[in-house]
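Going line by line, the protein sequences match chains S, V and H.
Under numbering that gives the first Met the number 0, residues 0 to 357 are what the first sequence spells out, in order.
Under numbering that gives the first Met the number 0, residues 0 to 282 are what the second sequence spells out, in order.
Under numbering that gives the first Met the number 0, residues 0 to 260 are what the third sequence spells out, in order.
A virtual CB, placed ideally from N, CA and C, is assigned to each residue, including glycine.
Taking it in order: structure first as structure tokens, then the write-up.
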Amino acid sequence: MKTVVKLENISKSYEKGKYVIKNLSLDVYEGEFLTLLGSSGCGKTTILRMISGLEHVTDGKVYIDDKDVTEVDPTKREVNTIFQNFALFPHMTVYENVSFGLKMKKINKQEIKERVTEVLKLVELDGFEERYPSQLSGGQQQRVAIARGIIMNPKVLLLDESLASLDLKLKKMMQIELKKIQKKLGITFIYVTHDQDEALTMSDRIIIIEKGVIKQEGSPKEIYEHPNSVFVADFIGESNIFKSTIIHIDENKTIVDFDGKHFSIPRNEKDEIGKMVNIMVRPENVTISTEPFQNAIKGVIKTIVYDGSITKLFVDNEGDFDLRVTVKGSVDYKEGDTTYIIVDDKDIVAIREENHEE
Amino acid sequence: MKNKVLKRIVLFPIIAYALLLILLPLVYILFLSFCQNDSYGGMIYHFTLSNYLSIFDITYIGILLKSSLIGLVTTFLCICISYPFALVLRERSKNVQNLMTKLIMIPFLTNSLIRTYGWIVLLRKNGVINSALIGTGLIHEPLGLMYNNLGIIIGMTYTLLPFMMLPVCSATFKIDNNLIEAAKDLGAKPLSIFKNIIIPETLPGVFNGSLMVFMPAIGYFFISDILGGGKAMIIGNLIKNQFLTARNWPFGAAISMFLLIITFLLIYIYRKLGGKLDDLGGM
Amino acid sequence: MKHKTLKNLIIALILIFLYLPIIILVLYSFNTSKMNVLFEGFTLDWYKNLFNNRTLLEAFTNTFIIAITSTITSTVLGTIGAIGLYKYNFKFKSFINLLLYIPIVIPEIVLGISLLSVYTLTKLELGMFTLILSHISFSIPFVIVSVRSTFSKSLDTYEEAAKDLGADDIKTFFKITLPQIMPGVISGATLAFTLSLDDVVISYFTAGPGSNTLPLQIYSMIKTGISPDVNALTTLMLLVTMIILFSLTFIQGRKIVGEKK
Numbered sequence: 000m001k002t003v004v005k006l007e008n009i010s011k012s013y014e015k016g017k018y019v020i021k022n023l024s025l026d027v028y029e030g031e032f033l034t035l036l037g038s039s040g041c042g043k044t045t046i047l048r049m050i051s052g053l054e055h056v057t058d059g060k061v062y063i064d065d066k067d068v069t070e071v072d073p074t075k076r077e078v079n080t081i082f083q084n085f086a087l088f089p090h091m092t093v094y095e096n097v098s099f100g101l102k103m104k105k106i107n108k109q110e111i112k113e114r115v116t117e118v119l120k121l122v123e124l125d126g127f128e129e130r131y132p133s134q135l136s137g138g139q140q141q142r143v144a145i146a147r148g149i150i151m152n153p154k155v156l157l158l159d160e161s162l163a164s165l166d167l168k169l170k171k172m173m174q175i176e177l178k179k180i181q182k183k184l185g186i187t188f189i190y191v192t193h194d195q196d197e198a199l200t201m202s203d204r205i206i207i208i209e210k211g212v213i214k215q216e217g218s219p220k221e222i223y224e225h226p227n228s229v230f231v232a233d234f235i236g237e238s239n240i241f242k243s244t245i246i247h248i249d250e251n252k253t254i255v256d257f258d259g260k261h262f263s264i265p266r267n268e269k270d271e272i273g274k275m276v277n278i279m280v281r282p283e284n285v286t287i288s289t290e291p292f293q294n295a296i297k298g299v300i301k302t303i304v305y306d307g308s309i310t311k312l313f314v315d316n317e318g319d320f321d322l323r324v325t326v327k328g329s330v331d332y333k334e335g336d337t338t339y340i341i342v343d344d345k346d347i348v349a350i351r352e353e354n355h356e357e
Numbered sequence: 000m001k002n003k004v005l006k007r008i009v010l011f012p013i014i015a016y017a018l019l020l021i022l023l024p025l026v027y028i029l030f031l032s033f034c035q036n037d038s039y040g041g042m043i044y045h046f047t048l049s050n051y052l053s054i055f056d057i058t059y060i061g062i063l064l065k066s067s068l069i070g071l072v073t074t075f076l077c078i079c080i081s082y083p084f085a086l087v088l089r090e091r092s093k094n095v096q097n098l099m100t101k102l103i104m105i106p107f108l109t110n111s112l113i114r115t116y117g118w119i120v121l122l123r124k125n126g127v128i129n130s131a132l133i134g135t136g137l138i139h140e141p142l143g144l145m146y147n148n149l150g151i152i153i154g155m156t157y158t159l160l161p162f163m164m165l166p167v168c169s170a171t172f173k174i175d176n177n178l179i180e181a182a183k184d185l186g187a188k189p190l191s192i193f194k195n196i197i198i199p200e201t202l203p204g205v206f207n208g209s210l211m212v213f214m215p216a217i218g219y220f221f222i223s224d225i226l227g228g229g230k231a232m233i234i235g236n237l238i239k240n241q242f243l244t245a246r247n248w249p250f251g252a253a254i255s256m257f258l259l260i261i262t263f264l265l266i267y268i269y270r271k272l273g274g275k276l277d278d279l280g281g282m
Numbered sequence: 000m001k002h003k004t005l006k007n008l009i010i011a012l013i014l015i016f017l018y019l020p021i022i023i024l025v026l027y028s029f030n031t032s033k034m035n036v037l038f039e040g041f042t043l044d045w046y047k048n049l050f051n052n053r054t055l056l057e058a059f060t061n062t063f064i065i066a067i068t069s070t071i072t073s074t075v076l077g078t079i080g081a082i083g084l085y086k087y088n089f090k091f092k093s094f095i096n097l098l099l100y101i102p103i104v105i106p107e108i109v110l111g112i113s114l115l116s117v118y119t120l121t122k123l124e125l126g127m128f129t130l131i132l133s134h135i136s137f138s139i140p141f142v143i144v145s146v147r148s149t150f151s152k153s154l155d156t157y158e159e160a161a162k163d164l165g166a167d168d169i170k171t172f173f174k175i176t177l178p179q180i181m182p183g184v185i186s187g188a189t190l191a192f193t194l195s196l197d198d199v200v201i202s203y204f205t206a207g208p209g210s211n212t213l214p215l216q217i218y219s220m221i222k223t224g225i226s227p228d229v230n231a232l233t234t235l236m237l238l239v240t241m242i243i244l245f246s247l248t249f250i251q252g253r254k255i256v257g258e259k260k
């Protein structure tokens, strides 16, 4: 696959010695929908701004389409940004907004007109040319912003938390629409968000960032099913994470003990008896039963939250730990019921962190 | 880099202005205030504190006290007029409030001296007010409404009123209605609402207004000149005379520094009350 | 304060107080009586008289020349300055910022005499130039405060968006920044214009021979005796001022209507 954006050991610091981004490298491939996911203040927006050129890199190199653009002004980089809250110019009509970039390139009027018409058709806003941004709904504003960006035929479109200001229903709709537009155009999208749902729904690839460092990268499925750190497991989706101890090592599996119950996980070369391993199980992979089973964890249902298609149960094991369970549909349990929790070996993900808790 | 050139072009005029037309004049006045005056209206560059000591001379202390009193009465009257106006308008729609704020401003589009002249026509012995009162038989002898302290206070209050009305109105309009509703709900009477909610919420606004009323009220020499009939001196007249008549610039400079110190002190208090510098003098 | 009538009465009384001196002057500018006491009959004689009164007319034109020149200059300088102080950092920036508040907060008389002293020190001849310079001097900070109130995080983002779409600094300023801060610029200009017309104290110290302004002329006339021409002139001045200010508000209003329509 061809690389369109390449970040080579980039760093950013505003104060001497304090790094927001430290020695980060990243390849972005042509046509992919890449999401930079992280909590607020993790540096993801800074990375985006260093690609667009609105922020200088303190160290390292930025390449767009194999050209070194580290010192190139944002006005001359072939990338465009969809800003948070869209940044549509309030004193300009939809037409003036969308045609702004082409006018700056001094393209002739006839061509501008054709291209604006075409791009507005693409985002289904034909007929809105003379409206002002304040007369548009949030979803329409978002589409104008996309039109204003893609009309420039950028190599990459950068989206900075672009859906954050929409309400939940519209957000879900726009997520699908954004993905559709991206597939139709075949442009690379780099999307920044703190919303893991959004990341899982839209991305081809997710980069998880924490404190300016890449924690994990992979497809949504890989990241959800095989988080490589407690942080990622916790950040993406809901999870139950327990500290277990290795008690036995086999040829190809390792047995761990947690709360007197034994579980088998795939063996790792560095496993040693007595070493701690975090094991994680997603709430939807937990089965509960009223009957005691062998190797089942006993607990009391503290809270039941009915959420339409699913029901969430919070189970308490005599104060030692809490467990979350998600069940499809509704349940017959009451709060206070005693229950037995069964976890299948195949649903357990072992998280062995090299240097956890820095 | 191109950016550096642009930065210089953009910043040069404003910095030059701040240094040459703000800082230099004040530093020069400070310098003058420590100089000696010769009897021919010239200055001798010889360090002395005597100008500052002269302020506390019995003649000048009298002017200072009287002037401050006039300033305080004016400020008080402005507050008394502004609150009812703001409180009544608070209950009206945004449109009415905007219209009324504009209406306050319109008279002030003419020059303050011209408006003061209008007051002569109204206040003098054979003026509109006295003629009207005599005409209706309420009085037989014309009232002495001007050429005295009353005239000065009327003129000052009139001229400086918008400086109080605007901040008081904007502070009053901003009070959250829920606060007052909540107080009513808890059984507060109008007077206690005024005392416990309106006053604390509008205090920075009132202080802002007081600052913008009191300081000119001790400085606007032309009002005391015209409506006080030249007999009554306020600090403004004193400074003016030192610069233009008596030609004792060092002493005039010292009184000016004295005014500056009071101003900065009041601003310091205003900041402590939570006021913003940007709101000062804003019309 | 229970009765609506009482409340309306309060508003009415205050408004009457504010308008009384002006109404009187306008009214008497049409009065046949010279004495300003009773309204005896309607006449336009004072307006005719006025056009023969060279001193008054000259003062009138001077006043507007000063107001318009100083408004334009202080609006341009103040706007550029406000932007510069917002965008760039430099040594002593907070000190300069503090200095800029001084003309707003200090008593006018102190500003007046300090400017006079510096003009004397630098041997600048008092006249129209020093008057205009002084008016620019006390107006700039008001323009800055007014323009600064329109800066916001979203303005920064609009500018970034323009850059992102290929607009250089100059184009960004004229296409994005200026239209966005226009309300602040116009209200700053309005303020500068009003302050210039209203000023007595600073003009009093910084005017020279041959640069009489209308207020200064009236000031000296009050001591020697005033003719009803002054009433006519005052009415004219009010009219001209209102026309200028309303057109400024109109421009601003039309812009806002354009955006919200």
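CA-to-CA distance, residue j to residue i, given in whole angstroms
| i | j | result |
| --- | --- | --- |
| S/V324 | S/L177 | 32 Å |
| S/T302 | V/D184 | 38 Å |
| S/S228 | V/I8 | 53 Å |
| S/T187 | S/L156 | 6 Å |
| H/L194 | V/G227 | 25 Å |
| V/D277 | S/E117 | 48 Å |
| H/K3 | H/N48 | 47 Å |
| H/A66 | V/Y116 | 21 Å |
| V/Y269 | S/Q109 | 60 Å |
Cβ-based neighbour list, residue i, same chain, cut-off 7 Å, excluding 5 preceding and 5 following
| i | result |
| --- | --- |
| S/H55 | none |
| S/V61 | L6, I9, M49, I50, V68 and T69 |
| H/T340 | Residue 340 of chain H cannot be examined here, being either before or after the span of chain H that is shown, 0 to 260. |
| S/K260 | N294 and I296 |
| V/V167 | S81, Y82, A85, T201, G204, V205 and G208 |
| S/G335 | V299 and I300 |
| S/F320 | F241 |
| V/Q96 | L88 and F172 |
Per-residue contacts from residue i into chain S (C-beta, under 7 Å)
| i | result |
| --- | --- |
| H/P178 | H90 |
| H/G165 | T74, G100, M103 and K104 |
| H/Y157 | A86 and F88 |
Residues near residue i in its chain [Cβ-Cβ closer than 6 Å; skip 5 each side]
| i | result |
| --- | --- |
| V/N50 | S32, P249, F250 and A253 |
| H/F150 | Y85 |
| H/T72 | I135 |
Contacts around residue i, its chain only, beta-carbon distance under 8 Å, and the 5 residues preceding and following it disregarded
| i | result |
| --- | --- |
| S/S329 | Y305 and T310 |
| V/F11 | none |
| H/L244 | T189, F192 and T193 |
Contact set between residue i and chain H, taken where Cβ atoms lie within less than 7 Å
| i | result |
| --- | --- |
| S/L156 | Within chain H, no residue comes near S/L156; the closest Cβ sits about 11 Å away, beyond 7 Å. |
| S/N387 | Given a span of 0 to 357 for chain S in the structure shown, any question on residue 387 of chain S remains unanswerable. |
Candidates the options: closest to residue i by CA position
| i | options | result |
| --- | --- | --- |
| H/N96 | H/E107, H/P106 and H/I82 | H/I82 |
| S/T289 | S/E250, S/T338 and S/H225 | S/T338 |
| V/I43 | V/N247, V/L258, V/D278 and V/L264 | V/N247 |
| S/N267 | S/D249, S/I20 and S/D196 | S/D249 |
| V/L122 | V/N147, V/S92 and V/L102 | V/N147 |
| H/L232 | V/I174, V/I113, V/I151 and V/D37 | V/I113 |
| V/A15 | H/Y46, H/I139, H/P214 and H/F41 | H/I139 |
Contact belief for residue i with residue j at Cβ below 8 Å, rounded distance in angstroms
| i | j | result |
| --- | --- | --- |
| S/F230 | H/A160 | Actually they do not touch by this definition, with Cβ atoms about 33 Å apart. |
| H/L76 | V/I21 | Contact flag wrong, Cβ pair sits at about 13 Å. |
Residue i Cβ short of 7 Å to the ligand MG heavy atom set
| i | result |
| --- | --- |
| V/S92 | Questions concerning the ligand MG fall outside what the structure shown contains, since it holds no ligand whatsoever. |
Neighbour list for residue i in chain H, Cβ cutoff strictly below 8 Å
| i | result |
| --- | --- |
| S/S51 | D163 |
Neighbour list for residue i in chain S, Cβ cutoff strictly below 8 Å
| i | result |
| --- | --- |
| H/E107 | The contacting residues do not exist; H/E107 stays about 37 Å from chain S at best. |
Under 8 Å from the C-beta of residue i: neighbouring residues of chain V
| i | result |
| --- | --- |
| H/V142 | Neighbours of H/V142 on chain V: none; closest Cβ ~11 Å, over 8 Å. |
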